[in-house]
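Here the sequence shown is numbered in my numbering, starting from 723 and rising by one per residue.
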Amino acid sequence: MKTAISKITSRRIWDSRGRPTVEVDVELANGIGGRGIAPAGASRGSNEAIDLRDGGSLLAGFGVQRALSNVDEIIAPALLGMDAMDQAAVDAILIALDGTPNKARLGGNATIATSMAVLNAAAAAAGMPLWRYLAGNQAVRLPLPEIQIFGGGAHAGRRTDIQDFLVMPLGAQSFDEALFMVAEVYRAAGDLMASLGRRAGVADEGGWWPDFTSNEEALEMLTRSIERAGYRHDQVAISLDIAASEFGRNGRYKPALESREFDTSEWLELMFGWLKRYPIVSVEDPVAEDDPEGMRAFTEAVGDSVQVIGDDFLVTSADRVNAAAARGQCNAVLLKPNQAGTITETYRTMEAAKKLGWGMIVSARSGESEDTTIVHLATGWNTGQLKVGSFSRSERMAKWNEGLRIEEQIGRSARFAGWSALPARSLA
Ligand code: 2PG
Ligand code: MG
723 MKTAISKITS RRIWDSRGRP TVEVDVELAN GIGGRGIAPA GASRGSNEAI
773 DLRDGGSLLA GFGVQRALSN VDEIIAPALL GMDAMDQAAV DAILIALDGT
823 PNKARLGGNA TIATSMAVLN AAAAAAGMPL WRYLAGNQAV RLPLPEIQIF
873 GGGAHAGRRT DIQDFLVMPL GAQSFDEALF MVAEVYRAAG DLMASLGRRA
923 GVADEGGWWP DFTSNEEALE MLTRSIERAG YRHDQVAISL DIAASEFGRN
973 GRYKPALESR EFDTSEWLEL MFGWLKRYPI VSVEDPVAED DPEGMRAFTE
1023 AVGDSVQVIG DDFLVTSADR VNAAAARGQC NAVLLKPNQA GTITETYRTM
1073 EAAKKLGWGM IVSARSGESE DTTIVHLATG WNTGQLKVGS FSRSERMAKW
1123 NEGLRIEEQI GRSARFAGWS ALPARSLA
């Protein structure tokens, strides 16, 4: 069999934060190969796949030697000879070898790098770009990008409580135009901060460092940046990742910049005020992962006008998506392949969300690399949305630029998701 896996190699490489991470190369009998690189989160959901690290004092405990050994000694021998074109069978072996609910034995970093490497090898063997291999005969759209302008929270020393201040170029007609619009907003935001003497470099995902005195000031500055770039709010709108698990627990919210504590309903009221005053069309993790009633209340209150994304709350789990839908929590899911640990589990989560008519946002992590697989997943699976961090630093730009190449490959029949990517309810 030409597409049998004949060799699997792992190595330690370095991510965008200068931390070690897992890279896996898969080679097939026909000599064709594929690669996968594990990303890493900083604000992680407690139920996501375990990012296996060595601990100890070297590299602040971030070493990946155990994960690499798991690839070489446990995963590779089990996958040799398997057909790379059968992703579900390969991933089923990874899941069975691990045997835990959260990849605690092998490490989600070991399994996702392997799973992505196999997928990339299969597409290469089929002689197709990955997005086309994934799409088969299904129609595809270039995803609506969700791009960070200011980075806060765990990615900026908790300088602001809100983690990601992002924009969505809803008025663009193409992916190319979408990036053009965001480039103008990103630059306008940098100029605005410079003119106020508040420009202080960038945060982990390349967004401007949030030198603000309140969360609301950041929202004000973002709104002004959109206007300064010459766009109306129906052309470029705001999306927030509150990442509330970072400062909320047991129904108590302690945002550092708000000078007091909140219970869930007070916290929701504060956010409802933001939704009234600023052009916000999407909110991720508005409440902590341990606050399902807060998530239900938020979704019920805003659900027909705002996309409500579960990240830490859903951890790319099909079961959690279905359970949340039954309880009226969220109307969109963030799809992070390394939260699930394999491509197949990520795919199943996407399918569950698609059946529900939910928004689907394929997402990078705050620790990234030159790997562009997720851009192909967003396009080939036709998820409609893609979140990669900001509009600077090459681990981010590698992905946005890959989207441009895909748009060119599709040519004149290329479609851009735009508004249509938001869940049906938020179009009302
Ligand atoms: C998130 C991501 C990306 P991290 O919370 O959505 O912004 O952050 O990878 O640190 O979890
Ligand atoms: Mg998030």
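By construction, the Cβ of each residue, glycine as well, lies at the ideal position given by its N, Cα and C atoms.
Fair warning: this is a prediction, and the values are worked out from it, not measured in the lab.
- In the three-state reduction of the DSSP assignment, SER1116 falls in the helix class.
- Judged by the Cβ position, GLN885 qualifies as a neighbour of ligand 1 at the 7 Å threshold, a heavy atom of the ligand being closer than this.
- Distance from the C-beta of ALA1046 to the nearest heavy atom of ligand 2 is not below 7 Å.
- When the Cα atoms are used, VAL1009 and LEU962 turn out to be separated by approximately 12 Å.
- The alpha carbon of GLY753 has as its nearest neighbour, out of ALA771, ARG827, SER728, THR836, the alpha carbon of SER728.
- Taken through DSSP and simplified to helix, strand or coil, ILE817 comes out as helix.
- For the 8 Å CB-CB criterion, VAL744 and ALA835 form a contact.
- By the neighbour-count definition (other C-beta atoms within 10 Å, threshold 16), LYS1077 is an exposed residue.
- Note: LEU962 is bridge-paired with PHE887, VAL1005 in the DSSP secondary-structure output.
- Taking 7 Å as the cut-off, one finds no heavy atom of ligand 2 near enough to the beta carbon of LEU1057.
- Of the heavy atoms belonging to ligand 2, none sits nearer than 7 Å to the Cβ of ALA798.
- For the pair ALA900 and LEU866, the CB atoms are nearer than the 8 Å cut-off.
- Shortest gap from the CB of GLU899 to any heavy atom of ligand 1: 7 Å or more.
- Taking a 10 Å sphere around the C-beta of SER1135, we find fewer than 16 other C-beta atoms and assign the residue as exposed.
- Distance from the Cα of SER732 is smallest, within the candidate group SER1116, GLY740, ALA798, LEU774, for ALA798.
- The straight-line gap separating the alpha-carbon atoms of GLY777 and TYR953 is approximately 48 Å.
- In terms of Cβ geometry, ALA832 and LEU774 form a close pair [threshold 8 Å].
- Going by C-alpha positions, LEU941 is about 19 Å away from GLU988.
- Linking GLY783 to ALA878 through their CA atoms gives a straight-line distance of about 21 Å.
- The region 1120–1133 makes contact with the region 1088–1098: 3 or more CB pairs, one atom from each, lie closer than 8 Å.
- Of all C-beta pairs linking the region 1096–1108 to the region 856–865, three or more are shorter than 8 Å, placing the two stretches in contact.
- Relative to the Cα of GLY830, the nearest Cα in the group GLY758, SER738, GLY995 belongs to GLY758.
- TRP1122 sits in a helix when the DSSP states are folded into three classes.
- Of ALA760, ASP898, ILE772, TRP736, the smallest CA-CA separation from MET838 is found for ALA760.
- Inter-residue distance for GLU1022 and GLY875 is about 26 Å (C-alpha atoms, whole angstroms).
- Secondary-structure assignment with DSSP links ASP805 through a beta bridge to ALA726.
- In the DSSP assignment, ASP1041 falls within the alpha helix (DSSP H) that extends over 1040–1048.
- As summarised for the region 983–1038, the continuous beta strand (DSSP E) elements at least 3 residues long and confined to that stretch are 1002–1006, 1029–1032, given in chain order.
- For GLY830, the secondary structure class from DSSP, reduced to helix, strand or coil, is helix.
- For GLU1124, the CB stays at least 7 Å from every heavy atom of ligand 2.
- Residue pairing by DSSP places GLY1089 opposite ALA762 in a beta bridge.
- With 16 or more neighbouring CB atoms inside 10 Å of its own CB, TRP931 falls in the buried class.
- DSSP, read as helix, strand or coil, puts ARG757 in strand.
- Taken atom to atom, the span from the alpha-carbon of SER1039 to that of SER1088 is near 20 Å.
- Residue range 1059–1062 is occupied by the alpha helix (DSSP H) that includes GLN1061.
- Within the chosen limit of 7 Å, ligand 2 does not reach the beta carbon of ASP1013 with any heavy atom.
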